[in-house]
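Trainee: Shown below is the structure under consideration.
Residue numbers (the working numbering): 109 to 620.
In structure tokens, the structure reads:
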């Protein structure tokens, strides 16, 4: 990982050298080609990005202003030369791409759907409506938890919390399916904290998650909501020395363990921890925990629990293998499915139809013209993540990158600086950070590479629009991706909005 460290140092040094620019508009004389096929002179000819940021037409919430910038770009698009080839002579009733002509397209700016209109965007509020009839007080929670919720700014339960918390407090097993960013973590953390007896210094609950980053995120939320309860929580995950964790466990008094399955099972087998008093098992991102590499481990951990236990499973997707686990270990679980009501409700989805070699210029245009609070940019390969982060830094944007091959301490540092300190606006990542990672200030997700599966797509765009707020997801779609785009739209029953003419490198952007 020496190379990754050197690249990160170079990125950070460039960020420090870059002049202060609140609009993050990159310098005009530094276009970065994506491959050797792009000769610098040719790239310079395509440069049409204005040097000054778009003017703010009216004041309002930050997200409203962000969407207004999109509207301005769309207005510009409508004034472009319309004599371009289209994917199809007319809009198909299914609203899908005409795949029969995809590979014959002479230009990536061609779309078959009408450009988005201002009336298509619901910008009436920054936060989506929830059922305000349900209050925290109606759950009879401990006053310490109510204080923690107030400190967090949680005014009322989200739909998944309103549905799950009563059953959890009642001791029932739960299988809950809901979109990322709808408050799934709170749906199991809040009732769990209410059930823990702080006067018993024993491991009473185990929360299993698939990644180290999600371990830290979950512990953080537990500590914030349970600030006044004085409970002891311990994160357990691989990739770091277990010595400190062993010392803390021997000191005793741990009430809740949040960990990855491998490290937890390792500690159980070494008799470092015992689950004989553990009455609560929670599996977050359950589909991942029951996937390849984790399934046998989860089964082994469950076998160590006492007969009288409560098991809760939460995820945005539930493949068929979950049913085997439910049938074997869970007792007539309550099934909660809010996907139909909540799927992608807060995230406006766009696609930019581009050639592979034009992706970087399209990305530059987006970052230069949109008011991004914070942004995730996803790639499918680790090598692409590192190269793209370096290119973005060359364009003048402060950027971090993160992937699974980095040292754990480096990953922790990057994620902490991005999510907590807000030291940069852009994080280039693989699917490592797609599950459960909660950064409320992220309002934009860009798929530089279209994900390989619909499940991955759902988790990626769920990084924006967290807990009912509005977000934007923009997908860069090449001719080779057209079939995958159609599959995603069909499986999720959505129709992405074309946003490509604005991003085409040869398209002039006249002053508004």
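Where a beta carbon is used, it is the ideal one built from N, C-alpha and C, also for glycine.
According to DSSP, is residue 147 helix, strand or coil?
Mentor: The count along the chain shown starts at 1 and reaches residue 147 at position 39. In this prediction, residue 147 scores a pLDDT of 38, lower than 50, which makes its location untrustworthy; the coordinate-derived value is nonetheless stated afterwards. Coil, per DSSP.
Trainee: Among 445, 538 and 343, whose alpha-carbon lies nearest the alpha-carbon of residue 514?
Mentor: By one-based count along the chain shown, residue 514 stands at place 406. Comparing Cα-Cα distances from residue 514 to each of 445, 538 and 343, the minimum goes to 538.
Trainee: How far does the alpha helix (DSSP H) with residue 420 in it reach, from first residue to last?
Mentor: For the purposes of this step, residue 420 is taken as the residue at position 312 of the chain shown. That residue, residue 420, is in no alpha helix (DSSP H); its beta strand (DSSP E) goes 418-423.
Trainee: In the structure shown, what three-state DSSP assignment does residue 192 receive?
Mentor: The residue given as residue 192 occupies position 84 in the chain shown. Note that residue 192 has pLDDT 32, beneath the 50 cutoff, so the model's placement of it is unreliable and the number below is only indicative. Reduced to three states, the DSSP call for residue 192 is coil.
Trainee: Tell me whether residue 342 sits in a helix, a strand or coil according to DSSP, three-state version.
Mentor: Translated into the one-based positions of the chain shown, residue 342 becomes position 234. Three-state result, residue 342: strand.
Trainee: Examine the ligand NAD and report whether any of its heavy atoms sits within less than 8 Å of the Cβ of residue 415.
Mentor: In terms of ligand content, the structure shown is empty, and the ligand NAD therefore cannot be addressed.
Trainee: Please report the distance separating the alpha-carbon of residue 284 from that of residue 393.
Mentor: Here residue 284 is taken as the residue at index 176 of the chain shown, counted from 1. Here residue 393 is taken as the residue at index 285 of the chain shown, counted from 1. Taking the straight line from one Cα to the other gives about 10 Å.
Trainee: Could you name the residues of the same chain whose beta carbon sits closer than 6 Å to that of residue 369, not counting the 5 residues immediately before and after it, in chain order?
Mentor: Along the chain shown, one-based indexing puts residue 369 at 261. 316, 402, 405 and 406.
Trainee: Considering only residues of the same chain and omitting the five flanking positions on each side of residue 329, which have a CB-CB separation below 7 Å?
Mentor: Within the chain shown, the letter at position 221 stands for residue 329. Taken in chain order, the residues that qualify are 293 and 297.
Trainee: Identify the continuous alpha helix (DSSP H) that holds residue 492 and give its terminal residues.
Mentor: Residue mapping note: residue 492 aligns to position 384 of the chain shown, counting from 1. 490-502 is the extent of the alpha helix (DSSP H) around residue 492.
Trainee: With a threshold of 16 other CB atoms inside 10 Å of the CB of residue 259, please say whether the residue is buried or exposed.
Mentor: Walking along the chain shown from the start, residue 259 turns up at place 151. Residue 259 should be labelled exposed.
Trainee: Identify, in the order they occur along the chain, each residue of the same chain with its Cβ nearer than 6 Å to the Cβ of residue 310, setting aside the five sequence neighbours on each side.
Mentor: Sequence index remark: in the chain shown, residue 310 carries index 202 (1-based). Contacts found: 385.
Trainee: Whose CA, out of 357, 270 and 390, lies closest to the CA of residue 376?
Mentor: Within the chain shown, the letter at position 268 stands for residue 376. Closest option to residue 376, Cα to Cα, is 357.
Trainee: Here's a check: name, in chain order, each residue in its chain whose Cβ is nearer than 7 Å to the Cβ of residue 516, leaving out the five neighbours to either side.
Mentor: Stepping through the chain shown from its first residue, residue 516 is reached at position 408. 320, 347 and 348, listed in sequence order.
Trainee: Report all residues from its chain with a CB closer than 6 Å to the CB of residue 144; omit the five preceding and five following residues, and keep chain order.
Mentor: Taking the first residue of the chain shown as position 1, residue 144 is located at position 36. Confidence is the limiting factor: at residue 144 the pLDDT is only 36, short of 50, which leaves the residue's position unreliable and the question unanswerable from this model.
Trainee: Taking only the alpha-carbon atoms, compute the straight-line gap between residue 265 and residue 243 and give it to the nearest angstrom.
Mentor: As a position in the chain shown, residue 265 is number 157, starting the count at 1. As a position in the chain shown, residue 243 is number 135, starting the count at 1. Roughly 6 Å between the two C-alpha positions.
Trainee: Grab the span of the alpha helix (DSSP H) containing residue 356 for me, first residue to last.
Mentor: Stepping through the chain shown from its first residue, residue 356 is reached at position 248. 351-359 is the extent of the alpha helix (DSSP H) around residue 356.
Trainee: So, at 7 Å on beta carbons, what are the nonlocal neighbours of residue 419 in its own chain, with the 5 sequence-adjacent residues on each side left out?
Mentor: For the purposes of this step, residue 419 is taken as the residue at position 311 of the chain shown. Hits under 7 Å: 281, 389, 437 and 438.
Trainee: Is there a Cβ of chain C sitting closer than 9 Å to that of residue 343, yes or no?
Mentor: The structure shown contains no chain C; it is built from a single protein chain.
Trainee: Taking just the CA atoms, how far does residue 378 sit from residue 354?
Mentor: As a first step, residue 354 must be located in the chain shown, where it is residue number 246. As a first step, residue 378 must be located in the chain shown, where it is residue number 270. Approximately 11 Å, taken between the alpha carbons.
Trainee: If you count every other CB in all the chains shown that lies within 10 Å of the CB of residue 491, and 16 or more means buried, which is it?
Mentor: Translated into positions along the chain shown, residue 491 becomes position 383. By the 10 Å Cβ count, residue 491 comes out exposed.
Trainee: Taking 9 Å as the threshold (C-beta atoms), are residue 302 and residue 277 in contact?
Mentor: Position 169 of the chain shown, counted from the start, is the residue given in the question as residue 277. Position 194 of the chain shown, counted from the start, is the residue given in the question as residue 302. For residue 277 and residue 302, yes; Cβs fall inside 9 Å.
Trainee: Alpha carbon to alpha carbon, what distance is there between residue 262 and residue 601?
Mentor: The sequence position of residue 601 within the chain shown is 493, counting from 1. The sequence position of residue 262 within the chain shown is 154, counting from 1. Cα to Cα, the separation comes out at about 31 Å.
Trainee: Exposed or buried, residue 382, counting other C-beta atoms within 10 Å across all chains shown (16 or more means buried)?
Mentor: Within the chain shown, residue 382 is the residue found at index 274, counting from 1. Its Cβ having fewer than 16 others within 10 Å, residue 382 is exposed.
Trainee: From the DSSP output, which residues share a beta bridge with residue 606?
Mentor: Reading the chain shown from its first residue, position 498 is the one you call residue 606. Beta-bridge pairing links residue 606 to 459.
Trainee: Could you check if residue 428 is buried or exposed, using at least 16 other CB atoms within 10 Å of its CB as the buried criterion?
Mentor: Here residue 428 refers to the residue found at position 320 when the chain shown is read from its first residue. So residue 428 ends up on the exposed side.
Trainee: My output table needs one value for residue 330: the three-state DSSP class, helix, strand or coil.
Mentor: As a working mapping, residue 330 is identified with position 222 in the chain shown. Looking at residue 330 - three-state DSSP - the assignment turns out to be helix.
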